[in-house]
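Visitor:
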Amino acid sequence: MSNKIFRKYLFDEKARSLFFQTLVIGIFAVIIYLVTKQTAYNLEKRGIGTGFEFLNIAAGYDISISLIPYTSDDTHLRAYFVGLLNTLLISICGCFLATILGFLVGIIRLSSNWLFRNIAYVYVEFTRNVPVLLQIILYYTILLYLPKIKNAVVLFDTFYLTNRGLFSPSPIIKEGFSIVLLSFFASIFVAYFIKKFFKKKQELTGKQYPIFYINSALIIFTPIIFYFLMGMPLEFNHPVLKGFNFKGGMVIRPEFIGMLLGLSIYTAAFISETVRSGIVSVSKGQKEASQALGLKSNLIMRLIIIPQALRVIIPPLTSQYLNLTKNSSLGIAIGYADLVHGFGGISLNQTGKAIEIMFMVMTTYLTISLLISFFMNLYNKSVQFKGNA
Amino acid sequence: MNLNNSNLMMHNKYYNWIQKNLFSSWINSIFTIIALVFLYKVGSFFLNWTIFEADFRYNFQGELITDRILCSKNIVPGEYGACWAIIFVRWDQFMYGFYPTEEIWRVNLTFALLPLAIIGILFDKLPYRKYFIYFTFFFPFFAYYMLYGGPGFSVIDTNKWGGLLVTLFLGVTGIALAFPLSIVLALGRRSKMPIIKSICILFIEFIRGVPLITLLFTANVMLPLFLPEGVNPDNLLRALVAVTLFQSAYMAEAIRGGLQAIPRGQVEAAQSLGLSYWQTNRKIILPQALKIAIPPIVNTCIGLFKDTSLVLIIGLFDLLGIGRAALADMTWTKLYYEVYVFISLVFFIFCFGMSRYSLYLEKKLKTDNS
Chain A
0 MSNKIFRKYL
10 FDEKARSLFF
20 QTLVIGIFAV
30 IIYLVTKQTA
40 YNLEKRGIGT
50 GFEFLNIAAG
60 YDISISLIPY
70 TSDDTHLRAY
80 FVGLLNTLLI
90 SICGCFLATI
100 LGFLVGIIRL
110 SSNWLFRNIA
120 YVYVEFTRNV
130 PVLLQIILYY
140 TILLYLPKIK
150 NAVVLFDTFY
160 LTNRGLFSPS
170 PIIKEGFSIV
180 LLSFFASIFV
190 AYFIKKFFKK
200 KQELTGKQYP
210 IFYINSALII
220 FTPIIFYFLM
230 GMPLEFNHPV
240 LKGFNFKGGM
250 VIRPEFIGML
260 LGLSIYTAAF
270 ISETVRSGIV
280 SVSKGQKEAS
290 QALGLKSNLI
300 MRLIIIPQAL
310 RVIIPPLTSQ
320 YLNLTKNSSL
330 GIAIGYADLV
340 HGFGGISLNQ
350 TGKAIEIMFM
360 VMTTYLTISL
370 LISFFMNLYN
380 KSVQFKGNA
Chain B
0 MNLNNSNLMM
10 HNKYYNWIQK
20 NLFSSWINSI
30 FTIIALVFLY
40 KVGSFFLNWT
50 IFEADFRYNF
60 QGELITDRIL
70 CSKNIVPGEY
80 GACWAIIFVR
90 WDQFMYGFYP
100 TEEIWRVNLT
110 FALLPLAIIG
120 ILFDKLPYRK
130 YFIYFTFFFP
140 FFAYYMLYGG
150 PGFSVIDTNK
160 WGGLLVTLFL
170 GVTGIALAFP
180 LSIVLALGRR
190 SKMPIIKSIC
200 ILFIEFIRGV
210 PLITLLFTAN
220 VMLPLFLPEG
230 VNPDNLLRAL
240 VAVTLFQSAY
250 MAEAIRGGLQ
260 AIPRGQVEAA
270 QSLGLSYWQT
280 NRKIILPQAL
290 KIAIPPIVNT
300 CIGLFKDTSL
310 VLIIGLFDLL
320 GIGRAALADM
330 TWTKLYYEVY
340 VFISLVFFIF
350 CFGMSRYSLY
360 LEKKLKTDNS
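From first to last, the protein sequence lines are chains A and B. Residues 0 to 388 (numbering that gives the first Met the number 0) are what the first sequence spells out, left to right. Residues 0 to 369 (numbering that gives the first Met the number 0) are what the second sequence spells out, left to right.
(1) According to DSSP, is Leu-103 (chain A) part of a helix, a strand, or is it coil?
(2) Please check if any C-beta of chain B sits within less than 8 Å of the C-beta of Leu-137 (chain A).
(3) For Val-29 (chain A) and Lys-36 (chain A), what's the separation of their Cα atoms in angstroms?
(4) What would DSSP say about Glu-174 (chain A), mapped onto helix, strand or coil?
(5) May I have a chain-ordered list of the alpha helix (DSSP H) segments no shorter than 4 residues that lie completely inside the stretch 175-231 of chain A?
(6) Please state whether DSSP places Val-230 (chain B) in a helix, a strand or coil.
(7) Tell me, to the nearest whole angstrom, how far the beta carbon of Tyr-320 (chain A) is from that of Cys-94 (chain A); I am working on the premise that it is less than 8 Å.
(8) Please confirm whether Val-360 (chain A) has its beta-carbon closer than 8 Å to some beta-carbon of chain B.
(9) Shorter than 8 Å from the beta carbon of Ser-296 (chain A) to some beta carbon of chain B?
(10) Measuring straight from C-alpha to C-alpha, what distance separates Leu-377 (chain A) and Leu-272 (chain B)?
(11) Check whether the Cβ of Ala-267 (chain A) lies closer than 8 Å to any Cβ atom in chain B.
(12) Would Leu-35 (chain B) pass as a contact of Asn-27 (chain B) if the rule is Cβ separation under 8 Å?
(13) Spatial neighbours of Gly-50 (chain A) within its chain, please: C-beta separation below 8 Å, excluding the five flanking residues on both sides.
(14) Is DSSP giving Glu-52 (chain B) helix, strand or coil here?
(15) Which residue spans inside the stretch 196-260 of chain B form an unbroken alpha helix (DSSP H) run of at least 4?
(16) Could one say the Cβ of Met-357 (chain A) lies closer than 8 Å to chain B's Cβ atoms, at least one of them?
(17) Measure from the alpha carbon of Val-279 (chain A) to the alpha carbon of each residue in A:Arg-108, A:Ile-4, A:Ala-267, A:Leu-83, then state which is nearest.
(18) Whose C-beta lies closer than 8 Å to the C-beta of Phe-102 (chain A) among residues of the same chain, with five residues either side of it excluded?
(19) Evaluate contact between the stretch 238-250 of chain B and the stretch 203-215 of chain B, counting only Cβ atoms and requiring at least three cross-stretch pairs below 8 Å.
(20) Identify each residue in the stretch 310-322 of chain B for which the Cβ-Cβ distance to at least one residue of chain A is less than 7 Å, and report them in chain order.
(21) Please classify Tyr-69 (chain A): does DSSP put it in a helix, a strand, or coil?
(22) Out of curiosity, what's the CA-to-CA distance linking Thr-100 (chain B) and Tyr-335 (chain B)?
(23) Do the stretch 56-74 of chain A and the stretch 367-376 of chain A meet, that is, are 3 or more Cβ pairs less than 8 Å apart?
(24) Return helix, strand or coil for Tyr-127 (chain B), following the three-state DSSP convention.
(25) Measure the alpha-carbon distance for Val-311 (chain A) versus Ile-303 (chain A) and round it to whole angstroms.
(26) May I ask you to report which of helix, strand or coil DSSP gives Trp-83 (chain B)?
(27) I'd like to know if Ile-4 (chain A) contacts chain B, where contact means its C-beta is closer than 8 Å to some C-beta of that chain.
(28) Please report the distance separating the alpha-carbon of Ile-284 (chain B) from that of Leu-258 (chain B).
(29) Check each candidate in B:Pro-114, B:Asp-91, B:Leu-113 and name the one with the smallest Cα separation from Ile-103 (chain B).
(30) Under 7 Å, CB to CB, which of the residues in the stretch 211-231 of chain B have a partner in chain C?
(31) Leaving out five residues on either side along the sequence, give the residues of the same chain with a beta carbon under 7 Å from the beta carbon of Lys-194 (chain A).
(32) Whole angstroms are fine: how far does the CA of Leu-42 (chain A) sit from the CA of Met-361 (chain A)?
(33) Mind the definition here: the stretch 328-347 of chain A touches the stretch 249-263 of chain A only if three or more C-beta pairs lie below 8 Å; say whether that holds.
(34) With H, G and I counted as helix, E and B as strand and the rest as coil, what does DSSP make of Lys-241 (chain A)?
(35) Do you know offhand how far Lys-241 (chain A)'s Cα is from Phe-176 (chain A)'s?
(36) Hey, could you find the ends of the beta strand (DSSP E) Val-152 (chain A) is sitting in?
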């Protein structure tokens, strides 16, 4: 009798699934219990407490690159934010540069010119098959062996490239500049409505309007007009060589440039491949049909090929952005003061709070990853087929 | 006359090709000229530096060069050709790290047999493939015995390992250990049991959401905290744990892609034949899914192989780490480019080889399925 009941449950899918899941939970619970107990014991033995109070203690180390005011007297929490901002800065700049470079190389790879095509191919193969860490270190080394300050390489009479970084003019913002900025954003806002209005008109009447020129003029000239109206509130402080160093201006440090070059050159190779396969994926008939309709080649690209290619390009592009952001943690190898280098490295060594700090660092990266995925998914939805389920 | 004609046609063929591919329009011609100038500048610089003006000698009047100064042409970096002596003199370190010289043959033997262990997995039409696969399963034990030591051989501690040995060890072992784990994760992610499914999703998404370096840090700093006192895995093993977990999450996603490509009818047909869950997966689903998933799996392997270079940050001497150690040696300073170019080349050979293999498979899959 009991055997019968046993057999009934043995071959019941629900009972089995319940059993296995309980088993898994049980095993996990035991492991977590043992690890927690052991960790608590180990921590106590080493005299390391738990908790986040250490965030309010003075960090006691300097950070070479900081977007917000920071001194070694500031707390670990502030060091965390400095690192976070540096990570975001390098990620955003890197994604931006990698996208431009990647699209350029991707399009060149489809060029009808055999030499151009193959130079791009060699670039892609050589950069994506060499570790990004090695590339970052290599570019950084090259930057460190640039000429010394007194023999700086001068670019466009304003930038000075030296072994201590790129010296460039720094903007001096005076009163009223916010209004110029505001006018810039307002003109973009207005341009959006102008575009919408004329598009509607075009759909009704079939007549085309030079929207692009109107809007470009609007966006370019409005801020310029306001700039002069407000009495030129933006000036530049040019670096001048005085003695052994430059006075004035600002310096973009070689750590930042090295990271930026390494990350964007490496990621651009991958992006170029997704761009290429995206454009190739648009069927030839589309191009032929639009040629038959009499569209010009730049219009074919803009109205027919690119919108369809984007549907294929966006998902892998998202994962490349994620990779770049995660790879920005390699700054530690050349001393770029990102989240892992400052907070995850020096703070951890000073306080010994490995668990808390790694938890914070990992959570931060997870949040950034999720945010990128979220916004890219929104964008992806906007370029996908509509009403085509 | 006839000969002349065919000659002319040959000539025309090249001429047509050049016109079509290089000078089809005036814009194209300008691009071609720009590209030629660029190639000449970069190519001549690079070839001069690496080969024509480089110094390949590694002994000077019968003695090994241990000093940069003896590299006659190379005093200022970048001004003359490369000084490859650093690679020749430190070759053993680049390959084996600080492995004792008299035991290096053990590593060489393992390196030599590694292709035999892999080839059976790579090519499914290999003659006597069965025996190669047997060897593949036998190889890890052999490699462990050879590299680490045991009865009959002296034990070489892993902190003496380095160079290509560590890079290959982390790459190959990480991939091999991650493979079964990733299959479990991929199946778990598609499981109908909500708890198992959510554990797998959480694990995969967590690992994919954080940088490898944080995992390496965690393994390095926190593993000793989690484990009882007697158990203290060495640095290499800690890195291996992190690398394996990392790789398994990425591989699981590649395998999931393959699983999704299998039509539902296959599962239903297998179930209607009375096969159990494991039988269905082992005999019907996985063989098909893995075949589709191999190209993306190989791509994750290339990624992992490159990422093994990150272990230098936690103080292991992989290929890049040993290169940096060589540069820290005062007599060799300023030979950065030689070392980095050499290491890049080694990584390039491995990764490019893997990517060619993945392309070959993709082509084969296309013809197989049509």
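The C-beta atom is built at its ideal place from N, Cα and C for all residues, glycine as well.
Guide: Taking the geometry as given:
(1) Start at 1 with the first residue of the first sequence, and residue 103 (chain A) comes out as number 104. Residue state, collapsed to three classes: helix.
(2) Counting from 1 along the first sequence, the entry for residue 137 (chain A) is found at position 138. It does: the Cβ of Leu-137 (chain A) has a partner Cβ on chain B nearer than 8 Å.
(3) In the first sequence, residue 29 (chain A) corresponds to position 30, counting from 1. In the first sequence, residue 36 (chain A) corresponds to position 37, counting from 1. In a straight line, the C-alpha of Val-29 (chain A) is about 11 Å away from that of Lys-36 (chain A).
(4) In the first sequence, residue 174 (chain A) corresponds to position 175, counting from 1. Three-state result, Glu-174 (chain A): coil.
(5) 176-204, 210-228
(6) In the second sequence, residue 230 (chain B) corresponds to position 231, counting from 1. Note: Val-230 (chain B) maps to coil in three-state DSSP.
(7) To locate residue 320 (chain A), count along the first sequence from 1; it is residue 321. To locate residue 94 (chain A), count along the first sequence from 1; it is residue 95. With a Cβ gap of about 5 Å, Tyr-320 (chain A) and Cys-94 (chain A) count as contacting.
(8) If you number the first sequence from 1, residue 360 (chain A) lands on position 361. Yes, contact with chain B.
(9) Here residue 296 (chain A) refers to the residue found at position 297 of the first sequence. It does not: the Cβ of Ser-296 (chain A) has no partner Cβ on chain B nearer than 8 Å.
(10) The sequence position of residue 377 (chain A) within the first sequence is 378, counting from 1. The sequence position of residue 272 (chain B) within the second sequence is 273, counting from 1. Roughly 44 Å separates the two Cα atoms.
(11) Mapped onto the first sequence, residue 267 (chain A) falls at position 268. No, Ala-267 (chain A) does not count as interfacial toward chain B.
(12) Here residue 35 (chain B) refers to the residue found at position 36 when the second sequence is read from its first residue. Here residue 27 (chain B) refers to the residue found at position 28 when the second sequence is read from its first residue. Judged by their CB atoms, Leu-35 (chain B) and Asn-27 (chain B) are not nearer to each other than the 8 Å cut-off.
(13) One-based indexing of the first sequence puts residue 50 (chain A) at position 51. Once the five neighbours on either side are set aside, the close Cβ partners of Gly-50 (chain A) are Glu-355.
(14) Working through the second sequence from its first residue, we reach residue 52 (chain B) at position 53. Coil at Glu-52 (chain B), not helix or strand.
(15) 211-225, 234-259
(16) Position 358 of the first sequence, counted from the first residue, corresponds to residue 357 (chain A). Yes, contact with chain B.
(17) In the first sequence, residue 279 (chain A) corresponds to position 280, counting from 1. Measuring from the Cα of Val-279 (chain A), the nearest candidate turns out to be A:Arg-108.
(18) Mapped onto the first sequence, residue 102 (chain A) falls at position 103. Closer than 8 Å at the Cβ level, and outside the excluded window around Phe-102 (chain A), lie Ile-270, Ser-271, Val-274.
(19) The stretch 238-250 of chain B is in contact with the stretch 203-215 of chain B.
(20) Ile-312, Leu-319
(21) As a position in the first sequence, residue 69 (chain A) is number 70, starting the count at 1. DSSP places Tyr-69 (chain A) in coil when its eight states are reduced to three.
(22) The residue labelled residue 100 (chain B) in the question sits at position 101 within the second sequence. The residue labelled residue 335 (chain B) in the question sits at position 336 within the second sequence. In a straight line, the C-alpha of Thr-100 (chain B) is about 26 Å away from that of Tyr-335 (chain B).
(23) no
(24) For the purposes of this step, residue 127 (chain B) is identified with residue 128 of the second sequence, where counting begins at 1. In the structure shown, Tyr-127 (chain B) falls within a coil segment according to DSSP collapsed to helix, strand and coil.
(25) Residue numbering aside, residue 311 (chain A) sits at position 312 when the first sequence is read from its first letter. Residue numbering aside, residue 303 (chain A) sits at position 304 when the first sequence is read from its first letter. When rounded, the distance between both Cα atoms is 14 Å.
(26) Looking up residue 83 (chain B) in the second sequence gives position 84. It is coil, neither helix nor strand.
(27) Mapped onto the first sequence, residue 4 (chain A) falls at position 5. Not closer than 8 Å to any Cβ of chain B, the Cβ of Ile-4 (chain A) fails to qualify, so no.
(28) Taking the first residue of the second sequence as position 1, residue 284 (chain B) is located at position 285. Taking the first residue of the second sequence as position 1, residue 258 (chain B) is located at position 259. If I take the Cα positions, the gap works out to 7 Å.
(29) Here residue 103 (chain B) refers to the residue found at position 104 of the second sequence. With distances taken between Cα atoms, Ile-103 (chain B) lies closest to B:Asp-91.
(30) Note that chain C does not occur in the displayed structure, where the protein chains are A and B.
(31) For the purposes of this step, residue 194 (chain A) is taken as residue 195 along the first sequence, with counting starting at 1. Within the same chain, Lys-194 (chain A) has close Cβ partners Ile-210, Asn-214.
(32) To locate residue 361 (chain A), count along the first sequence from 1; it is residue 362. To locate residue 42 (chain A), count along the first sequence from 1; it is residue 43. Rounded to the nearest whole angstrom, the CA to CA distance from Met-361 (chain A) to Leu-42 (chain A) is 21 Å.
(33) yes
(34) Reading the first sequence from its first residue, position 242 is the one you call residue 241 (chain A). The answer is strand: DSSP assigns Lys-241 (chain A) an E or B state.
(35) If you number the first sequence from 1, residue 241 (chain A) lands on position 242. If you number the first sequence from 1, residue 176 (chain A) lands on position 177. In a straight line, the C-alpha of Lys-241 (chain A) is about 30 Å away from that of Phe-176 (chain A).
(36) On the first sequence, position 153 is the one that residue 152 (chain A) refers to. Start and end: 152-154.
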